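Below is one structure; the comments refer to it alone.
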Ligand code: NAD
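What follows is the structure, given as structure tokens:
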């Protein structure tokens, strides 16, 4: 059986003492095994990165950017292979995998602008013969720890930016779908990156804890669930590292009485069930304002959901695929059971989904639950499956209070034709990424991505301008070259200009 190993100092290392099964979630079969890096293996990667840093740091930004240009081309040339690996191990349908890759490539394109965004700021004559400027210097060796649900896009949020800024990188991908991530790291190597600048260690808690405690790691970017994000942030910062840790979500869509209901239903379908709801920006709660709105929404959703097609990644006519593991399927089904037990109505039930030819796959069908209350466990916690819950409220303010009081604040959206209501919503809602008639307001690569509240620990968001700041350290240089013959006496007061 094929082993998915590590990439250290430019070499594949497929050894290990501990391994974990990798499944094809559509068939339920084990297809590969992934090596789980030991402390020693992770330390080997850190040493390789540390050794590569001095030369990479001093490589001109334009040359670093040229590697990214070549990397972008290689990602495009290998897109079919990358998406196949995503499909085989994550389960998402080929068109969805292609979308993930494309959004990732846009981060590489942004990274190609490094000579521009690393320019710094300059002021001449801040004092007599004195000029000053700021530089954005790389941090050193930095690490990224990524989740299963975007095995290509989320790593591409991190390492192209970190590396083009002059850092060396250690990536710890999800152990559940590691192959596509390893492939893109190898393509970066092929694009001409010096050995040791990019390293991948597959693994679990042992690998992560080694990265968090090793003093040679300067910064950690994390994307995953909130309990782990909080753990990572606390440990990394306690060990003196810069950290950004993006966590889970519960994204609400407000459906106003004046919304174009057919459009809202179409948008909700894709945003709730696309990728089996395994997106941190998936819309998982529809908040209908008014009884009439709720009734119309539920009826139209019920009808539209009859056409939803769940199945294997390789059939592009499918809308979404299985969830990632059998345990995760049980968890999603458990949340539907709990909503029912708490008195909610299961309008469309995906618990017994079956796909012909894939009887052992981890499929959950699209599920619609009405009559949900804020006290229910299924409302309070992240389900991360193809489940849309409907809550009815009497006013937009009540809907906004619901969103503001939820522990997560990643994404949200309002469906309305009322510009004034939309403007009030975007201005006041306590959520990091907000859509108006846009169900998945995932920022493009030249903006930055991040939630509020317990959806993000740290200050700087991921990628875009915040990514540049996260992976660099500002240095201010103040320099005087006195004109010939000009000498100043000692001054003991704070330097000022009069
Ligand atoms: P996860 O938290 O289980 O795993 C994320 C990473 O942390 C993996 O690399 C994993 O190996 C590692 N990890 C897991 N348990 C650990 C432990 N005890 N100690 C140290 N490391 C550990 O998340 P997941 O299930 O892979 O991904 C789904 C979650 O990620 C969802 O909650 C989703 O909302 C979230 N997510 C958030 C964003 C965002 O941008 N906010 C984006 C994508 C996914």
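Residue numbers (this note's numbering): 1190 to 1687. C-beta: ideal position from N, C-alpha, C; glycine also. Keep in mind that this is a model prediction, so the values were computed, not measured.
With fewer than three CB-CB distances shorter than 8 Å, the segment 1330-1337 does not count as touching the segment 1299-1308.
When the beta-carbon positions are compared, residue 1553 and residue 1465 come within less than 8 Å of each other.
Apart from sequence neighbours up to five positions away, the residues of its chain that approach residue 1287 with a beta-carbon distance below 6 Å are 1272, ordered along the chain. In this structure residue 1388 is buried. Its beta-carbon is surrounded by 16 or more other beta-carbon atoms within 10 angstroms. Closest by C-alpha distance to residue 1541, out of 1521, 1672, 1382, is 1521. Distance from residue 1623 to residue 1632 at the Cβ level is roughly 11 Å; contact not present, criterion being Cβ atoms closer than 8 Å. For residue 1301, no beta strand (DSSP E) encloses it, and the DSSP letter there is neither H nor E. Between residue 1407 and residue 1430 a beta carbon distance of about 6 Å is seen, short of the 8 Å cut, so the two are scored as contacting. In this structure the segment 1559-1577 touches the segment 1510-1530; the number of beta carbon pairs closer than 8 Å is three or more. Taking C-alpha positions only, residue 1390 is separated from residue 1196 by approximately 7 Å. Beyond the five residues adjoining it in sequence on each side, residue 1347 comes within less than 6 Å, by CB distance, of 1333, 1410 in the same chain, given in chain order. For the options 1681, 1644, 1614, 1218, the alpha carbon positioned closest to that of residue 1434 is the one of 1644. In the structure shown, residue 1676 falls within a coil segment according to DSSP collapsed to helix, strand and coil. For residue 1596, the closest of 1221, 1621, 1605, 1291 by C-alpha to C-alpha distance is 1621. The Cβ atoms of residue 1298 and residue 1261 lie closer than 8 Å to each other. Between residue 1256 and residue 1374, the C-beta gap is not smaller than 8 Å, which leaves the two residues out of contact. At a Cβ-Cβ threshold of 8 Å, residue 1486 and residue 1444 count as neighbours. Relative to the ligand NAD, the beta carbon of residue 1637 is positioned no closer than 7 Å to any heavy atom. Secondary structure of residue 1477 (DSSP, three-state): strand.
Annotated three-state conformation of residue 1430 is coil, per DSSP. Contact between residue 1439 and residue 1412 does not hold, since the beta-carbon distance rounds to 17 Å and is not under 8 Å. In this structure, residue 1227 places its C-beta atom within 8 Å of the C-beta atom of residue 1206. The beta-bridge partner set that DSSP reports for residue 1622 consists of 1600. In the displayed model, residue 1536 falls within a strand according to three-state DSSP.
Per DSSP, reduced to three states, the secondary structure at residue 1388 is strand. Distance check between residue 1319 and each of 1342, 1301, 1665 places 1665 closest, using alpha-carbon atoms only. Per DSSP, the unbroken alpha helix (DSSP H) holding residue 1456 starts and ends at 1450-1462. The C-alpha of residue 1418 lies about 31 Å from the C-alpha of residue 1604. The Cβ atoms of residue 1219 and residue 1212 lie closer than 8 Å to each other. Counting along the chain, residue 1356 sits inside no alpha helix (DSSP H), nor does DSSP assign it H or E at all. Look at residue 1432: its beta carbon is at least 7 Å from all of the heavy atoms in the ligand NAD. A Cβ-Cβ distance of about 6 Å is found for the pair residue 1326 and residue 1661, placing them in contact under the 8 Å criterion.
Out of 1191, 1371, 1355, 1402, the CA that lies nearest to the CA of residue 1362 is found in 1371. Under the 10 Å beta carbon count, residue 1296 is surrounded by 16 or more other beta carbons and is classified as buried. Spatial neighbours of residue 1500 in its own chain (CB-CB distance under 6 Å, excluding positions within 5 residues in sequence) are listed in chain order as 1507, 1544. Contiguous alpha helix (DSSP H) elements confined to the segment 1208-1285 occur at 1228-1246, 1250-1266, 1268-1278, taking only those with 4 or more residues.
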